[in-house]
Amino acid sequence: MLPHAVSFVAKSGTGKTTLLEKVIAELKNRGYRVGVIKHDAHHFDIDHPGKDSHRLTQAGADTMLISSPEKLAVIKKHAESPPIEELIAVYFGDVDLVLTEGFKKSGLPKIEVHRRERSGTLLCRGEAHDPSLLAVASDEPLQLDVPVLDLNNPSQVADFVEERIIHATD
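So in the numbering used here, spot 144 of the sequence shown is number 301, and the numbers just go up one at a time.
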């Protein structure tokens, strides 16, 4: 059984990461095990030159895992990004909830983050109407067909996630 999941989406610079940091802390305080997947449209590298892991990857390893007593990291080469559902199924079986940042084109339920000073339009209720939008976390009142949450109240956002995502199918 897959863990519950919701994607936080927004235009770059809107404050997705800042909101997620606070929502994660709130959910952790409530006793939930939380996983996060961050979408990166650019090329990132966590494997640095000079480190043994980098040398092994450069030598041709398709998958390289580094493990310590506190954590592990997997570097897995692929031709294209796997579907978000596959990532959740493979890597997140040990958590109660997966929060994703980005993945605006996925079919996951979504909470859009909106900041008035960043943009006057929404991604999921603009030119396109995304049926997977559950709510908008905004710093201004909006008239929408989904609930509008207070962007500056991470506890309220966590309440919504708990009610609509975690307990929705329990």
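Just so it is clear, CB atoms sit at the ideal spot from N, CA and C, and this is done for glycine as well.
Here the structure is a predicted model, which is why all the values come from computation and not from measurement.
What residue range does the alpha helix (DSSP H) around residue i cover?
i, result
"S210", "D209 to Q215"
"S224", "Run containing S224: none in the alpha helix (DSSP H); it sits in the beta strand (DSSP E), T220 to S224."
For a quick check, are the C-beta atoms of residue i and residue j less than 8 Å apart?
i, j, result
"L280", "S164", "no"
"L229", "L222", "yes"
"R282", "L301", "yes"
"E258", "L177", "yes"
"G192", "V231", "no"
"I322", "H161", "yes"
"V341", "V318", "Residue 341 lies beyond the range of the chain shown here (158 to 327); nothing can be said about it."
"V270", "G172", "yes"
The beta strand (DSSP E) with residue i in it runs from where to where?
i, result
"V318", "V318 -> not in any beta strand (DSSP E); alpha helix (DSSP H) instead, spanning P311 to V318."
"A292", "L290 to S295"
Name, in chain order, the residues that DSSP records as bridge partners for residue i.
i, result
"L256", "V163 and V193"
Quick check on DSSP: helix, strand or coil for residue i?
i, result
"V247", "helix"
"K179", "helix"
"R321", "helix"
"L203", "According to the sequence shown, residue 203 is Ile rather than Leu. Three-state DSSP puts I203 in coil, outside helix and strand."
"K127", "Only positions 158 to 327 of the chain appear in this structure, which leaves residue 127 out of reach."
"K173", "helix"
"L301", "coil"
"L184", "helix"
"E284", "coil"
Using a beta-carbon distance below 8 Å, is residue i in contact with chain B?
i, result
"N186", "Reference to chain B is not applicable here, since this structure consists of a single protein chain."
TODO: Inspect the CB distances between the region 287-296 and the region 183-196 and report whether three or more fall short of 8 Å.
DONE: no
TODO: State whether the region 304-319 contacts the region 235-247, with contact taken as three or more CB pairs (one from each stretch) at a distance under 8 Å.
DONE: no
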